[in-house]
Amino acid sequence: MNLRTNILVTLLTLVLFSCKEKIKESTTDQMLFSKHVVDYSDLLLKQHDTSIKIIDFRLAALYNKGHLQGAVNLHRSEFQDTSFPYNGMRINREVMEKRLGLAGITDKHTLVIYDDKGLSEASRLWWLLQLHNFENVYLLNGGLHHWEQMGGSLSTSTPEIREVKFKFTEQTTKPIVVGKEKIIEVISSDASNVFVVDARSKKEFDGFYLKEGAKKAGRIPKSINIDWAEAIDYGNTFTFKSLAELENIYKRIGASKEDTIIVYCHTGVRSSHTTFVLTELLDYKNVMNYDGSWVEWSYFDQLPFENDSLILAKN
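Here it is in structure tokens:
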């Protein structure tokens, strides 16, 4: 074998190795979209598919300024039970079915949800639907920010909406929600396989910042703080980080994939996002969202809490 042949064989080997590595990386990236995440390019191809209903989960004033073509507008305020003395608690199954039907959504539709807040609010609707065993629901990776960055067009026209019937097929709820009683039980025990994760900002966790709606600042004892926004390219594309990055972030919990993880935030919105990441992207098996979260916990003076702050900032 002459020198020229040796060089050609070496170059070919390097090219093949490089291609193999790229295929491996591409496969890893595609794993992000194996369950309940849809990418910009995927939705662009299916945007006019009538079996897909796109949901803009923002305030109506923002929706009216521009939204994805054909998207219907819903907001989390429509999915809150106002009978509680604090905000954010979920509505029941029957009311939720009515809300969705009024928006022209049937249980036969595949739903794609987005917002402009890194999917924190969109995740709340995903979680509510999952709670009642509705599986055909996806989040648009990066939300409205990434859609526009990739050249996606917006519309100001409102689609015609006809009231239809939406019906959850399962009568039982998934075990992905907990109340304050379960939290009390967990923090009062010495169980080593149950972890409580606070998905709020560090300032909220430390008690330096009192967000509107809470009675006092602080955190639930024994909780671990991992800001929900760590999971995305916050402030840039707002897309989910790679699986390797996500694994590294959430290994700080110290839990195995089979351990029980309870997530909370202020009103169960950001914690829904963390619940999505842990279950759908990282395959943790037993993740539950504390619906009442800090707004409910702080309301009851008899419930224990921790606070590192002597100076408090209010919003």
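Per my numbering, the very first residue in the sequence shown carries number 7; after that it's consecutive.
All C-beta atoms, glycine included, are put in the ideal place defined by N, C-alpha and C.
query, result
"Exposure of Asn-79, with buried meaning 16 or more beta-carbon neighbours within 10 Å", "buried"
"Contacts around Arg-130, its chain only, beta-carbon distance under 6 Å, and the 5 residues preceding and following it disregarded", "Arg-82, Val-275 and Ser-278"
"The region 210–227 contacting the region 305–315, beta-carbon criterion three pairs below 8 Å", "yes"
"Sequence-distant residues of the same chain with beta carbon closer than 7 Å to Met-156, five excluded per side", "Tyr-46"
"Residue ranges of each beta strand (DSSP E) within the region 53–89, 3 or longer", "58–63 and 78–80"
"Three-state secondary structure assigned by DSSP to Tyr-256", "helix"
"For Asn-93 and Glu-302, the rounded distance between their alpha carbons", "8 Å"
"Beta-carbon gap between Asn-139 and Phe-174 smaller than 9 Å", "yes"
"Residue of Gly-149, Thr-162 and Gly-110 minimising C-alpha distance to Ala-67", "Thr-162"
"CB of Ile-189 within 9 Å of CB of Tyr-270, strictly", "yes"
"Buried versus exposed call for His-272 [16 or more other C-beta atoms within 10 Å across all chains shown]", "buried"
"Opening and closing residue of the alpha helix (DSSP H) in which Met-102 lies", "99–108"
"With 16 other Cβ atoms within 10 Å as the buried cut-off, status of Ile-167", "exposed"
"Unbroken beta strand (DSSP E) run spanning Ser-129, endpoints", "Premise fails: Ser-129 lies in the alpha helix (DSSP H), 126–137, not in any beta strand (DSSP E)."
"Span of the beta strand (DSSP E), counted from its first residue to its last, around Phe-201", "200–204"
"Burial state of Asp-307 (16 or more Cβ within 10 Å)", "exposed"
"Three or more C-beta pairs below 8 Å linking the region 111–128 and the region 84–93", "no"
"Beta carbon of Gly-148 nearer than 9 Å to that of Phe-244", "yes"
"C-beta atoms of Phe-172 and Gly-76 nearer than 9 Å", "no"
"Bridge partner(s) assigned by DSSP for Tyr-290", "Note: Tyr-290 sits in no beta bridge, so no partner."
"Rounded separation between Asp-122 and Asp-239 - CA only", "13 Å"
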